[in-house]
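Whatever position you read off the sequence shown (first residue = 1), add 17 for my numbering.
Here the structure comes first, spelled out in structure tokens, and everything after it is commentary.
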Amino acid sequence: MIRKTAARLAAATALAAIGTAAMAAEVNVYSSRHYDSDDALYAKFTKETGIEVNRIEGKADELIARLEAEGNNSPADVLITVDAGRMARAEEAGVLQAYPSDMIDKAVPAHLRHPDDLWFGVSQRARIIFYAKDRVENPPHTYEELADPKFEGQICIRSSSNVYNQSLLASIIEADGADAAKEWAAGVVGNLARAPQGGDTDQLRGIVSGECDIAVANHYYFLRGYEEDVEGLSSGIDAIGWVWPNQDGRGAHVNLTAAAMAKSAPNPEEAKALLEFLTSEFAQQHFANQNNEYPAVQSVEANEVTKRLGEFKPDSTTPTAAFSANAKQAQSIFNEVDWQ
Ligand code: FE2
């Protein structure tokens with residue numbers, strides 16, 4: 018009798034185990050972030066919630082195309098991109114759904130969120146102006162000034178196919194109008210020190226090598242030069258000055274690492290739990306430390322390396338949603354002014 022009960026118990030336990038395995042809570046993330054250290058972030062979420070995180074990484078455009086192709090059968094629950102413009106493309110492609118969350122609404126300022134809860138910013142990345150301290154006495158203080166003919170032959174900035182530049186131009190279209198934006202783009206092309214080439218780090222390297230006097234780059238590429246030994250940059254980093262642009266006006270252009278819920282999310286509850294977790298202090302500090310980005314949640318401070326750049330006013334008047342709304346127009350302006 019006792020043996021029988023034990024056997025029944027064992028069977029019941031085994032069944033329960035199978036049941037748990039079959040119904041194990043999980044969330045599937047499509048992400049265009051490629052940082053090994055993000056593993057620690059997701060491990061913490063799993064530890065707290067018991068929800069396993071399955072990650073598929075790829076370029077944002079490929080992930081969005083995949084979501085479209087998979088349609089209702091998509092296993093994706095959450096989409097993460099490193100550019101708000103791309104999130105807008107996802108919205109346009111109809112692959113997102115709203116995730117109404119009081120927690121996210123309270124944590125993230127309105128200008129860093131989609132008005133209908135289709136996506137929100139997790140961390141902020143500023144696109145700013147750098148210059149050679151020994152060669153440039155009076156650097157440009159606004160994005161607009163980059164087009165001033167007095168900087169002819171001095172500016173380095175990467176190609177127009179880069180989404181950071183597309184979002185920057187989209188924000189200028191929003192702030193100054195399309196005609197002025199086109200004039201601006203033509204002016205910048207006229208001031209280039211060399212044909213656009215390489216990534217943001219290469220623009221900063223150009224200042225060190227002497228090829229460029231002024232460069233436009235995201236802030237964290239510069240900070241990486243302090244933290245790590247970045248070839249061609251770290252050795253000359255003290256010779257580089259920086260300008261927080263448009264501080265007397267709309268503020269510095271910031272882009273976002275952004276997160277959203279996929280349209281056909283098979284695990285919407287788990288997806289919402291992960292999205293909310295991304296606004297937690299732990300997650301916000303993770304983003305701040307891991308790539309020296311500015312937390313989207315205002316109560317969480319930037320890390321010490323990032324604070325090196327000082328206080329600044331971000332552009333909080335140009336809605337990030339405008340980056341994608343103006344993306345097509347930005348691309349045609351780039352083509353028209355022959356910004357390679
Ligand atoms: Fe980047």
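Every residue, glycine too, gets a C-beta built ideally from N, C-alpha and C.
In this text the structure is predicted, and so the values were computed from the model without any measurement.
Distance from V70 to T274 at the Cβ level is roughly 16 Å; contact not present, criterion being Cβ atoms closer than 8 Å. The way I'd put it, the stretch 184-199 doesn't touch the stretch 146-155; fewer than three beta-carbon pairs between them come closer than 8 Å. Short of 8 Å from the beta carbon of G327, and not among the five residues preceding or following it, lie these beta carbons of its own chain, in chain order: W261.
DSSP places I231 in the uninterrupted beta strand (DSSP E) bounded by 231-235. A direct Cα-to-Cα measurement between L185 and A41 gives close to 43 Å.
The beta strand (DSSP E) runs lying completely inside the stretch 37-118 and spanning 3 residues or more are 43-48, 69-74, 95-98, given in chain order. Closest in C-alpha terms to D151, from the list A300, D119, A313, I231, comes I231. The three-state secondary structure of I121, taken from DSSP, is helix. Straight-line spacing of the CA atoms in N182 and N284 works out to 35 Å. Less than 7 Å divides the Cβ of E74 from the Cβ of S48. The beta carbon of A101 is closer than 8 Å to those of W136, G138, S184, N272, L273, A275, T337, A338, F340, S341 in its chain, skipping five residues each way along the sequence.
When DSSP states are grouped into helix, strand and coil, V354 belongs to the coil group. Secondary structure note for T274: it is in no alpha helix (DSSP H), and the uninterrupted beta strand (DSSP E) holding it is 271-279. Per DSSP, reduced to three states, the secondary structure at V317 is coil, with no helix or strand assignment. Here the stretch 155-170 does not lie against the stretch 295-312, with fewer than 3 beta-carbon pairs under 8 Å apart.
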